[in-house]
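What follows is a set of notes on a single structure, which appears directly below.
Protein chains: 2
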Amino acid sequence: MRQYKYVLDEKDLPTHWYNIVADMKEPPPPYRHPVTLDLLKPEDLAPVFPQALIEQEASRERWIEIPDEVLDVLKMWRPSPLYRAYRWEKALDTPARIYYKWEGVSPPGSHKPNTAVAQAYYAKKEGLVGFATETGAGQWGSALCFATNLFGLKCKVFMVTISYHQKPYRRIAMETWGGEVVPSPSTETKVGRDILARDPETTGSLGIAISEALEYALTHEGYKYSLGSVVNFVLLHQTVIGLEARKQMEMAGDYPDIIIGCAGGGSNAAGLIYPFLKDRLTGEKPNLRAIFVESTACPSMTRGIYAYDWGDTAKTGPVVKMHTVGHSFIPAPVHAGGLRYHGMAPTICALLNQGEVEARAYHQNAVLEAAEGFARAEGFIVAPETAHAVRAAYDEAMACRESGESKVILFNASGHGHFDLGAYDAFHRRELPDYELEDERIREALKDLPRI
Amino acid sequence: MRQYKYVLDEKDLPTHWYNIVADMKEPPPPYRHPVTLDLLKPEDLAPVFPQALIEQEASRERWIEIPDEVLDVLKMWRPSPLYRAYRWEKALDTPARIYYKWEGVSPPGSHKPNTAVAQAYYAKKEGLVGFATETGAGQWGSALCFATNLFGLKCKVFMVTISYHQKPYRRIAMETWGGEVVPSPSTETKVGRDILARDPETTGSLGIAISEALEYALTHEGYKYSLGSVVNFVLLHQTVIGLEARKQMEMAGDYPDIIIGCAGGGSNAAGLIYPFLKDRLTGEKPNLRAIFVESTACPSMTRGIYAYDWGDTAKTGPVVKMHTVGHSFIPAPVHAGGLRYHGMAPTICALLNQGEVEARAYHQNAVLEAAEGFARAEGFIVAPETAHAVRAAYDEAMACRESGESKVILFNASGHGHFDLGAYDAFHRRELPDYELEDERIREALKDLPRI
């Protein structure tokens, strides 16, 4: 009988994270200071991030040991299963062999806790009281509340006001894990109070929430700030996904021709892709294709430019060389809230610029259509973000049907959609808009880049 | 390092279901006809259930082979993991060793598909077009839509109107798997139309939805009716849970002293408990304790009587000897919608009557309090139904703390609470009512029992 999934024991968990910078032809250009635009010094980040994470951010070491205390928590759901999508292959009538890594088994339901747990561990070790962070729809906030609680830390979450009211379930989950969630803009920070004074009816934005979380961390004794994607150390922590998947693909007796992940800041995709991409960078698998999939609503890699830009709307965070549509760009309200970041992880952008990886973008009806087919075949209802990876896998599988090739396709099923079923409902009712984005809007947002 | 979870390979799936009737001192008394009250003949059930299930319902065979086609689908998520709750033990400061079986990993998020898949398989084999069923909050309906879709069958779900509007996410999940969901009472059945004519504003009830589903199945060519709990064949299909757990407890080097499950109709609890209870019934483990946990809002085992009663409100289904609070009993609107059935599985009731198992009931604040502690320690946010099992495990663990005994406690974590977070929110806000149930209300509902 067929084997559908490949499971590992806890003892098979990776012992080290993989740092792709060690194998890149050229590492990404250094960060710069948000005000002076000079090269950023590690001490500039000290008030913001735990020291161990600042060191990981700059590290060129290929392998970084995972602390036992972190592994001990990852075992709550890891190793996650790798599936062979036999039923979906049959439904698509494709000769492709499709595999997916299923990260929806974590308690918060996505890959996000892979880094949240590591960050909480280092914060605890440094003697911090807690973290402040922002969250849009709540995926990242719930992962951080889950993780901080396990290490006895506090978690202050600034949740974009419109999501706070429209998506109460994620808020309740954060509170169940002991987090303190406030709608942003709030009266708890100066930046929040100023904005409320100017516009009492505002529904908030991720840019404002980031600014509030940063201010809260900098003005509260024992607090630092936590970030859920984009930066090197976050992508590093996510490589457990790909390291496990390598062992599982070996069990299946296959090796991927094409690896796919959806990308907002890029962490889940990099987490699966980097441990395989190593083989391409070192010349072992020169034809391995890696595809980062973004939303057409926020097409940093496919329609943005590769330039230095601020990482946040309020220009308080580091200036980073990346593919960007501009830090002031406001994307259309697509359901994939996690794919609405104006930039992209700097290592991914450098690799894209070096021609080592590919990028593509999809409209939301195309991705929901693929995700619905996937749900009918494989059972799992994935998040709207994840649905972008599903669509790319679908297109590659259909290309195999055309060509008759039996390529091996592997994608990251980064999270479940249990809190996002409204997107599926809108799709069923044919009420899901595909927003067209004019070049002019991107050009406008790109006018305010730093002069470096 | 500690091992938190015990995982099995697909090849370790049970090949046979376990039928407890073979090992009972005395099997449960036979079913009776809803109108004549005579002993029910298999042919009476033929228009309602697939033939293979009618045979399983009456079977005295100890082991019944699981068809390969059913196993093939169960592999989408089974074997499910068994966890050692180290973190929760520490939080409770108990010497007890607590284990739980985690059924929340199935695509619909609970144990329900274990039987839905088997029922869909037999329906397909018999050449049926589809199933009709009822659902309250949507747990069962979503499992059946998931299963029927995989076998190319249709699924018509009558969903209690108030849930249809208040809990749209379950409805959307059912539609995503291709199910057709209508609010009940509907205009699609005579019983629905009659009720709507009398009371156009009614929000429906499970009793009405059952009657509509039965009528729909009996009046539509190629349709039969599907039931998600109570009857023998459903409990039989759920024994994969306990059969897996036996292997996993062996891997852990432990054997349970106390096994616990929440019970509405009783299927998830029996699924975990029966394969272990076999050891007690055959004299190998005479001291094994099995606890079925119900809601104080619908206390069939703890405050009802053991008597013949109709299985459904409209008196159209079989008359069954069981612990009942009366088929006309209307329970308070507790969040654990799955624990609001007026009766209980006849095998469980016979075992309770024979002194082989125990029963207890909890108010919802007590169960949510335990579930919140569990979520903080173990990460997983369980369904309000499951929270009843969590509370009983908590009480047994606390008893161990008192006595200093290190008993082994095993409970079934039957499903996640992702669609029921409103219960947690109400608990956080101290707005969760504990309904007191007067004896008089039960006495009243018990007046209309059949005279057998």
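Keeping their order, the protein sequence lines are chains Z and D.
Numbering-wise, the first sequence is residues 512 to 963 according to this note's numbering.
Numbering-wise, the second sequence is residues 512 to 963 according to this note's numbering.
Backbone N, C-alpha and C define an ideal beta-carbon position, used for all residues, glycine too.
Quick caveat, the model's predicted, so the values are computed rather than measured.
With residue i as the anchor, note down where its beta strand (DSSP E) starts and where it stops.
i	result
residue 670(D)	665-671
residue 772(Z)	769-773
residue 920(D)	919-924
residue 801(Z)	800-806
residue 692(D)	691-695
residue 796(Z)	First-last for residue 796(Z): undefined, no H or E at that position.
Could you give the DSSP three-state label for residue i: helix, strand or coil?
i	result
residue 571(Z)	coil
residue 527(Z)	strand
residue 709(D)	helix
residue 891(Z)	coil
residue 963(Z)	coil
residue 835(Z)	strand
residue 679(Z)	helix
residue 518(D)	coil
residue 873(Z)	strand
residue 646(Z)	strand
residue 902(Z)	helix
residue 556(Z)	helix
residue 818(D)	strand
residue 635(Z)	helix
residue 844(Z)	coil
residue 850(D)	helix
residue 748(D)	helix
Between residue i and residue j, what straight-line distance do the alpha-carbon atoms span, to the nearest angstrom?
i	j	result
residue 901(Z)	residue 922(Z)	7 Å
residue 763(D)	residue 517(D)	7 Å
residue 869(Z)	residue 743(Z)	19 Å
residue 562(Z)	residue 723(Z)	22 Å
residue 673(D)	residue 714(D)	5 Å
residue 534(D)	residue 603(D)	37 Å
residue 754(Z)	residue 817(Z)	29 Å
residue 751(D)	residue 862(D)	20 Å
residue 681(D)	residue 649(D)	6 Å
residue 543(Z)	residue 513(D)	43 Å
residue 767(D)	residue 530(Z)	44 Å
residue 614(D)	residue 961(D)	37 Å
residue 775(D)	residue 601(D)	30 Å
residue 536(D)	residue 866(D)	11 Å
residue 532(Z)	residue 651(Z)	25 Å
residue 597(D)	residue 609(D)	7 Å
Enumerate in chain order the residues of its own chain whose CB-to-CB distance from residue i is below 7 Å, with the five nearest sequence positions on each side excluded.
i	result
residue 959(Z)	837, 839
residue 656(Z)	666, 668, 685, 688, 689, 690
residue 578(Z)	632
residue 749(D)	622, 625, 626, 778, 779, 781, 782
residue 798(Z)	none
residue 697(D)	669, 703, 723
residue 927(Z)	615, 620, 891, 892, 893, 894
What residue range is occupied by the uninterrupted alpha helix (DSSP H) comprising residue i?
i	result
residue 599(Z)	597-603
residue 935(Z)	932-939
residue 766(Z)	First-last for residue 766(Z): undefined, no H or E at that position.
residue 974(D)	Chain D is shown only over 512 to 963; residue 974(D) falls outside these bounds and no answer can be derived.
residue 813(Z)	811-814
residue 653(D)	650-661
residue 859(D)	857-864
residue 608(D)	Unbroken run through residue 608(D) is the beta strand (DSSP E), 608-613; no alpha helix (DSSP H).
residue 727(D)	717-730
residue 549(D)	Premise fails: residue 549(D) is in no alpha helix (DSSP H) and is neither H nor E.
Only counting the same chain, and skipping five residues up and downstream in sequence, which positions put a Cβ closer than 6 Å to that of residue i?
i	result
residue 946(Z)	808, 843
residue 899(Z)	773, 804, 873, 878
residue 801(Z)	770, 784, 788, 868
Residues in its own chain within less than 8 Å of residue i by CB, not counting five upstream and five downstream?
i	result
residue 520(D)	590
query = Taking contact to mean at least 3 C-beta pairs separated by less than 8 Å, is the segment 874-894 of chain Z in contact with the segment 933-940 of chain Z?
reply = yes
inquiry  = Within 8 Å, do at least three Cβ pairs link the segment 855-873 of chain Z to the segment 911-927 of chain Z?
reply    = By the C-beta criterion, the segment 911-927 of chain Z is judged not to be in contact with the segment 855-873 of chain Z, since fewer than 3 inter-stretch pairs fall below 8 Å.
inquiry  = When you compare the segment 615-633 of chain D with the segment 775-783 of chain D, are there three or more beta-carbon pairs, one atom per stretch, that lie closer than 8 Å?
reply    = yes
inquiry  = Counting beta carbon pairs with one atom in the segment 729-736 of chain Z and one in the segment 634-646 of chain Z, are three or more of them shorter than 8 Å?
reply    = yes
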